[in-house]
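Residue numbering for the sequence shown follows my numbering, starting at 36 and increasing by one per position.
Shown next, in structure tokens, is the structure this report addresses.
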Amino acid sequence: MRGIHIAPWDKLVTAVSGKVQQVVVDLRKDSPTFGKYVSVDMGEENWVSVFIPAGCGNSFLVLSEQADYTYLATDYWEAGKEKSIIYNDPKIGISWELPNEELLLSDKDLENPTLEEYLKD
Numbered sequence: 036m037r038g039i040h041i042a043p044w045d046k047l048v049t050a051v052s053g054k055v056q057q058v059v060v061d062l063r064k065d066s067p068t069f070g071k072y073v074s075v076d077m078g079e080e081n082w083v084s085v086f087i088p089a090g091c092g093n094s095f096l097v098l099s100e101q102a103d104y105t106y107l108a109t110d111y112w113e114a115g116k117e118k119s120i121i122y123n124d125p126k127i128g129i130s131w132e133l134p135n136e137e138l139l140l141s142d143k144d145l146e147n148p149t150l151e152e153y154l155k156d
């Protein structure tokens with residue numbers, strides 16, 4: 036699983052193999068849908084790509100044994116420009132398709148701030 040990452044560039048993401056739960060969280064502070072999220076299963080059973088606007092959070096959970104996931108972005112990745120928040124923030128309330136004890140995250144993603152802490156920056 037990848038935690039919720041927020042970038043100042045647009046992305047188009049696709050699961051080209053396997054099955055992925057794709058989550059996009061609107062974290063644009065001026066947006067009328069701020070704090071809301073959408074979840075889409077994509078991959079071999081649902082061939083779609085998902086557009087993620089700049090300022091929205093991107094997270095995904097691999098639901099199959101393995102998956103290949105691609106990004107197209109409108110800018111190059113640059114250290115320090117991407118922000119993140121914790122995947123299980125209660126104010127967002129994402130309904131993940133696997134139980135918490137089955138999720139595997141990086142140490143970095145486990146230490147991400149809450150939405151409230153993110154908003155203080």
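In this text, a Cβ means the ideal position worked out from N, Cα and C, and glycines have one as well.
| Item | Value |
| --- | --- |
| Counting along the chain, where does the alpha helix (DSSP H) carrying Lys155 start and finish? | 150 to 155 |
| Assign Asp144 to buried or exposed, taking buried as 16 or more other Cβ atoms, counted over all protein chains shown, within 10 Å of its Cβ. | buried |
| Here's the rule I'm using: 16 or more other beta-carbon atoms within 10 Å means buried, otherwise exposed. How should Asp124 be labelled? | buried |
| If you follow the alpha helix (DSSP H) that Asp142 is part of, which residue opens it and which one closes it? | 142 to 145 |
| According to DSSP, what are the bridge partners of Met36? | DSSP lists no partner for Met36. |
| On the DSSP bridge list, what partners appear for Tyr72? | Val60 |
| Within a Cβ cutoff of 6 Å, which residues of the same chain sit near Tyr153, ignoring the five residues on either side of it in sequence? | Ile120 |
| Under three-state DSSP, which class holds Asn135? | helix |
| Does DSSP classify Asp65 as helix, strand or coil? | coil |
| Taking three-plus beta-carbon pairs below 8 Å as touching, is the segment 134 to 142 in contact with the segment 46 to 60? | no |
| Comparing C-alpha positions only, which one of Glu113, Glu151, Arg63 sits nearest to Lys71? | Arg63 |
| In whole angstroms, give me the CA-to-CA distance for Thr68 and Asp61. | 6 Å |
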